Structure formats: structure tokens, C-alpha cells
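Engineer: This is the structure I want to talk about, given as C-alpha cells.
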Amino acid sequence: MNNNMVTDNLDQFLDVVDESDMVIGSATRRECNSNPNLIHRAAYALIFSSDGRLFLHKRSNTKDTCPSLWSISVAGHVDQGETYEQTIRREIIEEIGIDLKVEYLEKYLLRHINESEFSAVFRAYSDGPFKLNKKEIEKGGFFRLDVIRKKMWGILTPFSQMVLTNLTVRGLI
């Protein structure tokens, strides 16, 4: 957990789900992000430019997890009662300031040392420009996938690495 002044709402309640993605309870964001037994939901969007580059952003140093690391285009926790698609559409507007049509790719359970998430992944297309939410994003840019894999892999969030690996293995990117 980040020791800097965190701007995320750590008391936000998230649905806790079982390994079939069925709601079994709720817990705070703080609890979910520090206990891998509390499986919760997240949505991710990969935004590609017309020339095939992927938009990545550097997370603000005030994020509760993985501050200042690079991340997939847009990501966010699914609020209680919200669908994955509602979440990603909300997060796209909140984080990069535009509304985009999204295409559902897949969903899977991702586990990391501190947390476990059912992650729904979407794809969208845009060349920008984006209006970055400075509370969440320090900066962003479009990068070729080979550059991401060769030069940026070590500075990506663990969940970004897992999502990109899964999509590559399945031939979706």
C-alpha cells in the first residue's frame, strides 16, 4: 500500500465474489487490495491507435496500489451493483475524458500477492487526444507492443503484465 497521500477512496465498498464470479459479500477497497482471499472485480480497456499502438499511462504517485508504475490504457474496480461494461465506460470517461465504444474480449481470475480480481478485458480504438485525469494519471502515450514487451515490461503493474500476457497467448493482441 502506498504511504504517500492517497487520493483513492479506500473505504469504497466492492462486491466480493467466489471463483465462479458470483457475489458472496462485500468489503472495502482497502481490504480487497490487501487480502488475496477477497476476490473482487475489475475492468480493463486496451485502447489502440489507428496504427496499432497501445495507449499506456503512468499511474499517479497518489494511487493506493502500484503508484508511479505504468498501466494498461484504462482500468478500474467494479463498484457494487455495476456491470463490467458500465465500469469500463465510466472509467474511460473519468480517466481519459472521452466516451468510446468498447468491445468485450474476455474475463478471467487474476491472482497476485496482495489481491485477486476477476478481470474483464475490453478493446477500443482512438487516436485521442485525451484529457488525462491528473489525480489518477501522471502522463500517457501510445507505444508499440514490441517496445512495451522489450523496454517497459519491468515498469508495468503486475495486473497489466498478466492481462497483456493472457491476451498475447490467446492471440487477441
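Under the working numbering, read the sequence shown as residues 4 to 176, first letter to last. From the three backbone atoms N, C-alpha and C, an ideal C-beta is built for every residue, glycine too. Treat the numbers as computed from the prediction; the structure is a model and nothing was measured.
Pair every Cβ in the stretch 164-171 with every Cβ in the stretch 135-147, then say whether three or more of these pairs are closer than 8 Å.
Structural biologist: The stretch 164-171, when compared against the stretch 135-147, does not touch it at the 8 Å Cβ threshold.
Engineer: When DSSP labels each residue in this structure, what does K153 get in the three-state scheme?
Structural biologist: Note: K153 maps to helix in three-state DSSP.
Engineer: Counting pairs of Cβ atoms below 8 Å between the stretch 50-63 and the stretch 27-38, do you hit three or more?
Structural biologist: Touching, no.
Engineer: So who's on the other strand from D18, going by DSSP bridges?
Structural biologist: D18 is bridged to S29.
Engineer: Does DSSP classify H118 as helix, strand or coil?
Structural biologist: According to the sequence as given, residue 118 is Glu; it is not His. Looking at E118 - three-state DSSP - the assignment turns out to be coil, as it is neither helix nor strand.
Engineer: When we look at the beta-carbon of D3 and count the other beta-carbons within 10 Å, is it buried (16 or more) or exposed?
Structural biologist: Examination of residue 3 is not possible in this model, given that the chain is present from 4 through 176 alone.
Engineer: Can you look up L175 in the DSSP assignment and give me helix, strand or coil?
Structural biologist: Of the three classes helix, strand and coil, the one that applies to L175 here is coil, per DSSP.
Engineer: Return yes when the Cβ of L108 is within less than 7 Å of the Cβ of L175, no when it is not.
Structural biologist: Yes, these two residues count as a Cβ contact at 7 Å.
Engineer: Around the C-beta of G28, are 16 or more other C-beta atoms found within 10 angstroms, so that it is buried, or is it exposed?
Structural biologist: That one is exposed.
Engineer: According to DSSP, is E139 part of a helix, a strand, or is it coil?
Structural biologist: Note: E139 maps to coil in three-state DSSP.
Engineer: Can you look up R51 in the DSSP assignment and give me helix, strand or coil?
Structural biologist: Position check: residue 51 holds Phe in this sequence, whereas Arg was assumed. Three-state DSSP puts F51 in a strand.
Engineer: Using alpha carbons as the reference points, say which of F125, N40 and E88 lies closest to N117.
Structural biologist: Selected option, being the one with the closest Cα: N40.
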